[in-house]
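Notes follow the structure.
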Amino acid sequence: MTVWASPDQTAPAPLNGDDGSPGFGVYLHWPFCAAKCPYCDFNSHVRHAPVDQTAFAEAFLREMAHVRDLTGPREVTSIFIGGGTPSLMTPETVGTLLNAVAAHWRVPANIEVTMEANPQSADANRFAGYRTAGVNRLSLGVQALNDADLTFLGRLHDADEARAAIELARRTFPRLSFDLIYARPGQTLENWASELREAISLAADHLSLYQLTIEDGTPFKALHAAGRIAIPDGELASNLYAMTQDITSDHGLPAYEISNHAVPGAQSRHNLTYWRYGDYAGIGPGAHGRFAVGEAVEKHVTITERHPETWLERVRRHGHGIAETETLDRMAQADEMLMMGLRLTEGVDLARHEALGGRTIDGQALQAMIDLGMVERVGNARIRATARGRIVLDSVIAELAQ
Amino acid sequence: MIRTGGALPLGMRPRRRPSIAIPLSRQGVRPYISAMTKTPRSHIRNFSIVAHIDHGKSTLADRLIQMTGSLEEREMKDQVLDAMDIERERGITIKANTVRLEYDAADGEHYVLNLIDTPGHVDFAYEVSRSLAACEGSLLVVDASQGVEAQTLANVYQAIDNDHEIVTVLNKVDLPAADIDRVKAQVEEVIGLDASDAVEISAKTGQGIDQVLEAIVTRLPAPPEGEGAEPLKALLVDSWYDAYLGVVVLVRIIDGRMKRGQTIRMIGTDARYQVDRVGVLTPKLVTVPELGPGEIGVFTASIKEVADTRVGDTITEDKRPTAVALPGFKPAQPVVFCGLFPVDAADFEDLRAAIGKLRLNDASFSYEMETSAALGFGFRCGFLGLLHLEIIQERLAREFDLDLIATAPSVVYRMTLTDGTVTELHNPADMPDVVKIATIEEPWIKATIMTPDDYLGAILQLCQERRGIQTDLAYVGSRAMVTYELPLNEVVFDFYDRLKSISKGYASFDYQIDGYREGDLVRMSILVNEEPVDALSMLVHRSAAEKRGRVMCEKLKDLIPRHMFKIPIQAAIGGKVIARETISAMRKDVTAKCYGGDVTRKRKLLEKQKEGKKKMRQFGRVEIPQEAFIQVLKVDG
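Spelled out as structure tokens, the structure:
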């Protein structure tokens, strides 16, 4: 399980503590939001009465103890608090959760600890508290840098609030990322280019740039089906994507994943664990975990109850909220590794893929993808999607998966 | 016109004919059975019913069975003679069925009436002709509101050719739309029958059924006197395979008697059998001691396969053979061919077994193994017509639970090669090099179309487009009857669908094969990404090639999903491209956000995608969905 090659030996010393290994991350999911965004299909819930943070924090701790029993002792390479909107938590709650992680697993000093936050001033007022609690990397949900589009996206902040939050976060946290959603209705190459340039000028070391996707079960889905939202077609979406790659890399923030850009060495260590198909524990409502136990070849999947109060009740009764488990055989793991790994610019380590799957990759399918210019070899050890392959990656993966 | 299993309601288990639906132990329980085999010729009437589809033939048969008490009330159901699910659902008769009715007539005498219910559709004209040959008379059923239709004509002329007496029956006279006088005039004008004494009935309500029974007795002739009482001479009318009884043979006794234990000889096949069982169909099989002259009944004789019996053959006694054999029938020739391939290559053996089983009971359907570069192993099958093709496909799908791909239906071409040899071409993929072909001939049909005159213009245009030659046009009231000579190859494509669509379903259509004529035919290949797809190649008339090619390319463009590269689709004759479309490359297909929680969902999506890929056929680098092979042949009305 320790067969990996460092992606780039010559890169500057990383800020994220990345040694090229898949790692072991701990993910905590805070499922509440002040408002539900119309494009979002994440597990988030709006509560009109104040959420009892103490009760939830206690449940997180109980579930964490249970998951720790499942994973056994591990050294944590990163912690990520996502949501939902974790910045609705008080710094005290965040501190409690982080301390609990350190109590259950071995947590070296200075590992990456990321938390997601919204740019509203109320949340920004707590930034210093989060830093004190141990957060060293903030991920801000900016989404757009103009008010009209922020309103369309259902965000509660305006563009000036976003700029102020970015500024404050840069001063407060050693590392900062923020998200933008593009390929919005009516967006042209020109206006996205100028918005992206402004974002780069505001950015610290990391940007997540997602094309707007109409997800099932969201208000946007219904509007789209009714013909009231038109998103850029394949041609324009593809051009927007290509332009995004060019502009970001010209400004020193090249893509290291389909939608993620960083100054070399400032990639999200935690998310790299997902894409490198490392292990992770998932705590909180609707969190997913994936980890091997000891030297076994199988990987265990845990999925907790999504509904926050139901999850809380389950934890009270059973000590955990795990609602679903799955054991992945080698072939499923090999497919998942490919599915995640080809998203990365560093690509997939073939030796590790083979060790995981217990068989070599389908050589004929691989050669066909190489011939089409969708995939390329990086030396003898790795393969990765080309620029052409990345924009149709789901189809490429479908060809390569067995 | 062509369907596969996917589009149909889920299959049911194969049904057997009603004859074996009762346990054998119950046979022969009716005390009057033995008496009825002694019926004198003068008290026997053998008749068929001819009608257009939906004019009420099967309902009338139901009423006749009910009225004469052949089945108890609890055994009665609608369309009792149509045993197959497909027959019952579509309201059509595919297999001829026989029922013996006991009738006490107004003259105080007891009669035996043998009804052979025949299929109405032209594809089964062969079944009709042999059924008619076993009878002396026919009931012509005409819908009193719709009047004479194309199929009515074809079948009634066959009955007239068989020297039948014909009793005209106007059905559905209780409907407000019934126009009895007009329809009677039509029968006289179009068919040339005296309709003044037509029986007016409603098979639905039972009105007039007694008069039909009286007309059968008084107006249809008894079986004629033959050469004498001995020896046995019988016409082999039909045969089928029964899971319990083996091959059951339907016979019409001309002379002599057939009884259990007799050693019989089939003159045509020169085979000898010992009769195990003699019976009649009520429509249940009821064992009787013997069958006498003029009667219709069945026997079993440990015959192994339906193929061992030849319809139209003469059956006689082995020791005392009859001097003169019956003229017999021409065997049915398949006129339409298509390839049937399993969707999943692993189902090939199941398909072989299923086809073999269907063939046991349907000698008119032929098959041989075929290998396609595109579709793998399958069978090239021959059918009596398009309905027959559709029904066989549907039965394979339902009764055997098979998913099939059918290739474009093709007719049988006759080719004279430059070296003088003449060959038949069943599959366009087998066409020899053009330089070796001197001439190609194709089958033509004589088509009769009847339509309300509102649609006549559009129908004439359709026939002209299909290289038709008009031979007659006549009006009966506001209905037009037009006859055309048409190449069958133009009809198998989508003619019937188009006709239905342009006439809103009001036109009726019938045809008969009318020999071969030379034609300027070329093989059109379809190339997907520069590779010919054998299953899509077809022979077309040179004048129609470009249009057909363009339509095929346009349809394929919509049916084949985008790939990572662009795909040219071409129609070509020889090396010359006559139509072209391009499927542009996929522009974007990537999940924007994918983190730890999305892995399970994405893997499940991937697994679904892999399932979907199984429904595709690989041609070089291109995957073509299976339904494309079926859809591409459908042309929108």
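The listed protein sequences correspond, in order, to chains A and B. Once you know that position 21 of the first sequence is 21 in this note's numbering, the rest is easy, because the numbers rise by one and skip nothing. Just add 1000 to the spot in the second sequence (first one is 1) and you have this note's numbering. Glycine included, C-beta positions come from ideal geometry on N, C-alpha and C. Keep in mind the model is a prediction, meaning the values are calculated, not measured.
I'd like to confirm the pairing. Which residues does DSSP put opposite residue i in its beta bridges?
i         : result
Asn260/A  : Ser208/A, Glu257/A
Asp279/A  : Phe24/A
Asn1046/B : Asn1114/B
Ile1513/B : Ile1445/B
Cys1338/B : Cys1381/B
Ala1234/B : Ile1253/B, Ile1315/B
Tyr1475/B : Ala1480/B
Gly289/A  : Thr302/A
Gln143/A  : Leu180/A
Tyr1241/B : Val1247/B
Thr1287/B : Gly1279/B
Val1411/B : Val1336/B
Asp1143/B : Asn1171/B
Gln1470/B : Tyr1484/B
Trp30/A   : Gly83/A
Which residues in the same chain as residue i place their Cβ atom closer than 7 Å to its Cβ, once the five residues preceding and following it in sequence are excluded?
i         : result
Glu1531/B : Phe1619, Gly1620
Ile1267/B : Asp1313, Thr1314, Thr1316, Ala1325
Trp311/A  : Pro285, Thr304, Glu305, Gly321
Leu1462/B : Arg1498, Leu1499, Ile1502
Ala1645/B : Not covered by the structure: residue 1645/B. The range shown for chain B is 1001 to 1637.
Cβ closer than 7 Å: which chain B residues qualify as neighbours of residue i?
i        : result
Gly234/A : Arg1587, Lys1588
Glu336/A : Val1599, Arg1603
Ile391/A : Lys1588, Val1590
From the options, pick the residue whose C-alpha is nearest to that of residue i; which is it?
i         : options                                    : result
Thr302/A  : Ile166/A, Thr273/A, Ala230/A, Tyr280/A     : Tyr280/A
Phe32/A   : Leu272/A, Trp105/A, Asn136/A, Gly84/A      : Gly84/A
Thr1218/B : Asp1350/B, His1110/B, Gln1470/B            : His1110/B
Lys1446/B : Val1491/B, Ala1353/B, Asp1430/B            : Val1491/B
Glu1442/B : Ser1410/B, Pro1561/B, Gly1382/B            : Ser1410/B
Leu1213/B : Pro1224/B, Glu1225/B, Glu1200/B, Pro1487/B : Glu1200/B
Glu336/A  : Asn1171/B, Ala1061/B, Gly1596/B, Gly1385/B : Gly1596/B
Thr1407/B : Met1538/B, Leu1245/B, Glu1518/B, Leu1473/B : Met1538/B
Leu1139/B : Glu1127/B, Leu1115/B, Gly1294/B            : Leu1115/B
Asn1097/B : Thr1282/B, Val1247/B, Ile1044/B            : Thr1282/B
Ile1160/B : Glu1149/B, Ile1180/B, Tyr1241/B, Glu1136/B : Glu1136/B
Val392/A  : Phe291/A, Ile258/A, Val293/A               : Ile258/A
Ile1567/B : Ile1573/B, Lys1576/B, Gly1575/B, Leu1556/B : Leu1556/B
Gln1626/B : Ile1405/B, Ala1323/B, Ala1458/B, Arg1398/B : Ile1405/B
Phe1509/B : Lys1614/B, Val1169/B, Ile1449/B, Thr1118/B : Ile1449/B
Val1476/B : Val1099/B, Tyr1516/B, Ala1150/B            : Ala1150/B
Phe1329/B : Arg1523/B, Ala1198/B, Leu1132/B            : Leu1132/B
Thr1371/B : Ser1042/B, Lys1504/B, Ala1535/B            : Ala1535/B
Using a Cβ cut-off of 8 Å, pull out every chain B residue sitting near residue i, in sequence order please.
i        : result
Gly282/A : Gly1596, Gly1597
Asp18/A  : Those within 8 Å of Asp18/A in chain B number zero; the least Cβ separation is about 17 Å.
Thr213/A : Thr1591, Ala1592, Lys1593
Met374/A : Met1564
Is the beta carbon of residue i within less than 7 Å of some heavy atom of the ligand FMN?
i        : result
Asp160/A : In the structure on display, the ligand FMN does not appear, and there are no ligands present to speak of.
How close, in whole Å, do the beta carbons of residue i and residue j come, if the pair is a contact with beta carbons under 8 Å?
i         : j         : result
Gly321/A  : Pro285/A  : 7 Å
Phe1365/B : Phe1383/B : 6 Å
Asn1046/B : Trp1240/B : Wrong, their Cβ atoms sit about 19 Å apart, outside the cutoff.
His270/A  : Leu70/A   : Contact doesn't hold; Cβ gap of about 20 Å is too wide.
Thr1589/B : Asp18/A   : Before going further, note that residue 1589/B is Asp rather than Thr in the sequence given. Rounded, the Cβ-Cβ distance is 29 Å, inconsistent with contact.
Asn136/A  : Ser87/A   : At roughly 15 Å, the Cβ-Cβ gap does not stay under 8 Å, so Asn136/A and Ser87/A are not in contact.
His1055/B : Asp1143/B : 4 Å
Can you give me the Cβ contacts of residue i inside the same chain, cut-off strictly under 8 Å, excluding the 5 residues immediately before and after it?
i         : result
Gly319/A  : Arg62, Glu63, Ala65, His66
Val1278/B : Met1258, Lys1259, Arg1260, Thr1287, Val1288, Pro1289, Glu1290, Leu1291, Gly1297, Val1298, Phe1299
Pro1321/B : Pro1231, Arg1265, Ile1267
Leu153/A  : Cys37, Pro38, Tyr39, Gln143, Ala144, Ile181, Arg184
Thr273/A  : Pro22, Gly23, Phe24, Gly25, Thr77, Ser78, Asp279, Tyr280
Just the chain A side, please: which residues come within less than 8 Å of residue i by C-beta, in chain order?
i         : result
Lys1610/B : Ala398, Ala401
Mind listing the chain B neighbours of residue i? Cutoff is C-beta to C-beta under 9 Å, in chain order.
i        : result
Arg290/A : Gly1596, Val1599, Thr1600
Tyr256/A : Chain B residues near Tyr256/A: none, gap ~14 Å exceeds 9 Å.
Take residue i and list the residues in its own chain whose beta-carbon comes closer than 6 Å to its own, dropping the five residues that flank it on each side.
i        : result
Pro308/A : Pro31, His45, Pro285
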